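Protein chains in written order, with my numbering: chain A, 7 to 209; chain B, 7 to 209; chain C, 7 to 209; chain D, 7 to 209.
All C-beta atoms, glycine included, are put in the ideal place defined by N, C-alpha and C.
Since this is a predicted model, take the numbers as computed values, not measurements.
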DNA sequence: GACTAAGCGAGACGGTACGTCGCGTCTTAAA
DNA sequence: TTTAAGACGCGACGTACCGTCTCGCTTAGTC
């Protein structure tokens, strides 16, 4: 049984396999979630042997994380809107929308427990997913301070946690909807603590 | 082969079994986490047949949740400290401490993914665990408004999410430590947005 | 929940229970065979507790055997037809018909393996079921010898085995049908060996 | 954890496993009978995973049947003894001896009830076990007719049932011993009905 | 252009745990 | 005291995936 067909599209054999596996993983994640994802299922869907998967990823969680990282890397940074509140709202809003409407929320919920069990995986997650957001928050805060919107001693780390904590809390624990106005409400609940005098009472 | 021995302690047979199972579950959760928890392991540890477990809980997640609920129910409410900020700090601090030092944090992390997969479980979690916290926040906010510390239109729901979101964010995603000063920092980052004029800029 | 109703029909409570259990057993044997018979099923169908069944029969096989014995005891002996061949044919024919068309064949097939495993059960089976047939064969042979149809040294035991062996062989192993002409063919295949000179070549 | 060791004896991996399983099955059948045979027991004894057994046989009965078929296939056909009675006696005698002294009788008794419950199994049994005997009887009858010992219209099917029915009847129902003289007595009880004139009064 | 080493599919395998079934024993409460 | 109701320990069932392992066939890359 010939394994390769002539009509293959592009890239090396290795990278074609890789894409086939990731595609299958994405599909199965969308259909069944992380729980329902099985290496055997991915292998079958991708037309690939289980061995080929294990050669590249150590577990199904690592595979799911790979897909997640792929997604995160497609994010664009917030453009300069000349207003710190607007920028923060835009940033949080994009997270709310993505987590609420795409595969990403689902994958993240399914992955959390595995992060707890596998420190290696957790490290990769923090470095590739969390750090991306943190950096963006830093950038926005910096810009805000320069503009004079935020106090110079603004705690970037805390800002990041105050902005995203509530969003993830809804996603993973409270079950409350990731609705449209959420980003705005969260930003306005945080901003007074970090705003300089000039940028007074919101709402 | 008599199954019961005379030296049994107290309660009906059913409730004795129930306790034995929950005890074994607690021990195994502490040793191995939710991931490592197996019905077979619990049965062996509790000296009980698997069927006896399945007769009461539909899955290991339901079992773990039962343990979690047991824990939550032991929480005491925050006493009247005559200062809203102090009360909020105390409240968040107790959550930080419990999640950071007891079994509870571990169980919660392990449970999140299963909540995503089992709506029934998620419902129970919200009703028994989340709702408890929400109610306490409501109580504190009410007290704060009466005292004149908080604005009368304070959004209780949002307050709850702003206070606990960051804590759980650390626990589950960022991996940052649940350290001592955290509660205070979180409360101070939120309070300005909800404080009445009289209770001005903290720190 | 009242266990007894006033409208009960007849017999002592014990014998009423006994009949209810045997009835339920018969029904379930007919529907599912010995394999599908379960003590739990019988208890449910009879509206009786499992304990009540175990108090009377040690296992489901003993229960099935009780039903079988009930059936066997309803058999009538072959009347004097004034011809030994006719009598033997009539006797074998009744066995063929009963095994082929009633519950009895089914129960017997299902019971055989259990007889092998439980000597106690096997003993009861031989004493209550096999012995009945043996005695009848003895009676017929005696009558045949008196009439001068059979040789005086006819081996009654062997006669019994030659007549019924083939019938059970079909029922349990070969799967060949228990059809109408079978009895006659079996009798005619055996008779020449035991017939006295006067009763020469049949067919 | 290499699963294979260099010291393995012969055959492909698959056939080695197969033999290990069948060997273990044989041993356990001898020790405990079909009733006591469990897939789990076989797996443990053979040093093989349960799944490996289920991959090849659908149930423990199918497994036991496989062992039975193995045995049946080792039978040798009756040589030409130049006398039909002698040949038939030799044939029946070999069956009596094998059923009475080897594992085969035990397995057969244990299997009968399962044949009743599983048509697929019954079919296999008939095709692989019963048919073998039938064919041999056919061969002997043919030879007997050619020799002039048997009537040309001898019913081969009936002959088969008359010869083996009584043997299995003892094995499975009456419990009478499968003793030495049995074969001779059975053959002599049947032969007169099928013998040509020339081969007169036996015994 | 043939040869070889790596990559691959296919899938068998040992293993762990699953959730279920029915056994025969027991506890409990009602009648 | 007998019973119905049913919880319980137990042993086995058959299944699902895990991650590892042969086993030949492809297919690049090297000579």
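Chain B residues whose Cβ lies nearer than 7 Å to that of residue i
| i | result |
| --- | --- |
| residue 76(A) | Chain B residues near residue 76(A): none, gap ~18 Å exceeds 7 Å. |
| residue 181(A) | 128, 132 |
Residue-chain proximity (residue i, chain A), Cβ-Cβ < 8 Å
| i | result |
| --- | --- |
| residue 171(B) | yes |
| residue 13(B) | The predicted position of residue 13(B) is uncertain, since its pLDDT is 41 and thus under 50; no value can be drawn from it. |
| residue 106(B) | no |
| residue 119(B) | yes |
Beta-carbon neighbours of residue i, restricted to chain A and to distances below 8 Å
| i | result |
| --- | --- |
| residue 196(B) | 168, 195, 196, 199 |
Contact with chain D by residue i, beta-carbon distance below 8 Å
| i | result |
| --- | --- |
| residue 116(C) | yes |
| residue 176(C) | yes |
| residue 202(C) | no |
From the options, residue whose alpha carbon lies closest to that of residue i
| i | options | result |
| --- | --- | --- |
| residue 144(D) | 66(D), 189(D), 166(D), 181(D) | 166(D) |
| residue 109(C) | 187(C), 38(C), 202(C), 170(C) | 38(C) |
| residue 159(A) | 195(B), 25(B), 160(B) | 195(B) |
| residue 155(B) | 74(B), 92(B), 182(B), 168(B) | 92(B) |
| residue 35(D) | 112(D), 200(D), 125(D) | 112(D) |
| residue 116(A) | 58(B), 41(B), 71(B), 186(B) | 41(B) |
| residue 20(A) | 50(A), 48(A), 62(A) | 62(A) |
| residue 172(C) | 151(C), 102(C), 128(C) | 102(C) |
| residue 100(B) | 198(B), 185(B), 178(B), 17(B) | 185(B) |
| residue 136(A) | 87(B), 31(B), 178(B), 57(B) | 178(B) |
| residue 43(B) | 55(B), 30(B), 79(B), 53(B) | 30(B) |
| residue 142(A) | 73(A), 82(A), 71(A) | 82(A) |
| residue 5(D) | 90(D), 163(D), 75(D) | No information on residue 5(D) is available, as it lies outside the stretch 7 to 209 that chain D covers here. |
| residue 201(C) | 90(C), 67(C), 86(C) | 90(C) |
| residue 57(C) | 98(C), 193(C), 138(C), 23(C) | 23(C) |
Interface partners of residue i on chain B, CB under 9 Å
| i | result |
| --- | --- |
| residue 110(A) | Residues of chain B passing the Cβ test: none, with the nearest at roughly 13 Å. |
Residue-level contact to chain B via CB, residue i, 8 Å cutoff
| i | result |
| --- | --- |
| residue 69(A) | no |
| residue 18(A) | no |
| residue 187(A) | no |
Beta-carbon neighbours of residue i, restricted to chain A and to distances below 9 Å
| i | result |
| --- | --- |
| residue 80(B) | Correct list: empty, because the minimum Cβ distance to chain A is about 19 Å. |
Chain-ordered chain A contacts of residue i [CB-CB under 7 Å]
| i | result |
| --- | --- |
| residue 164(B) | 191, 195 |
Residue i: contacting residues in chain C (beta-carbon distance under 8 Å)
| i | result |
| --- | --- |
| residue 184(D) | The contacting residues do not exist; residue 184(D) stays about 12 Å from chain C at best. |
**Prompt:** Which ranges would you report for the beta strand (DSSP E) in the stretch 79 to 161 of chain B if only whole runs of at least 3 residues count?
**Reply:** Qualifying beta strand (DSSP E) stretches: none in this window.
**Request:** Residues of the stretch 122 to 151 of chain A with a CB closer than 7 Å to any CB of chain B: list them in chain order, please.
**Result:** Of all residues in the stretch 122 to 151 of chain A, 122, 123, 128, 132, 136 have a Cβ within less than 7 Å of some Cβ in chain B.
**Prompt:** Looking at chain D, which residues of the stretch 91 to 102 of chain C have a Cβ within less than 9 Å of any of its Cβ atoms?
**Reply:** Contact residues of the stretch 91 to 102 of chain C toward chain D are absent (C-beta to C-beta distance below 9 Å).
**Item:** Cβ-based contacts, 9 Å cut-off: residues of the stretch 37 to 58 of chain B near chain A
**Value:** Answer in chain order: 39, 40, 41, 42.
**Prompt:** Where are the alpha helix (DSSP H) runs, 4 residues long or more, that stay fully inside the stretch 172 to 205 of chain A, in chain order?
**Reply:** 188 to 200, all fully within the stretch 172 to 205 of chain A.
**Item:** beta strand (DSSP E) runs contained entirely in the stretch 8 to 60 of chain A, provided each spans 3 or more residues
**Value:** With a minimum length of 3 residues, no continuous beta strand (DSSP E) run stays inside the stretch 8 to 60 of chain A.
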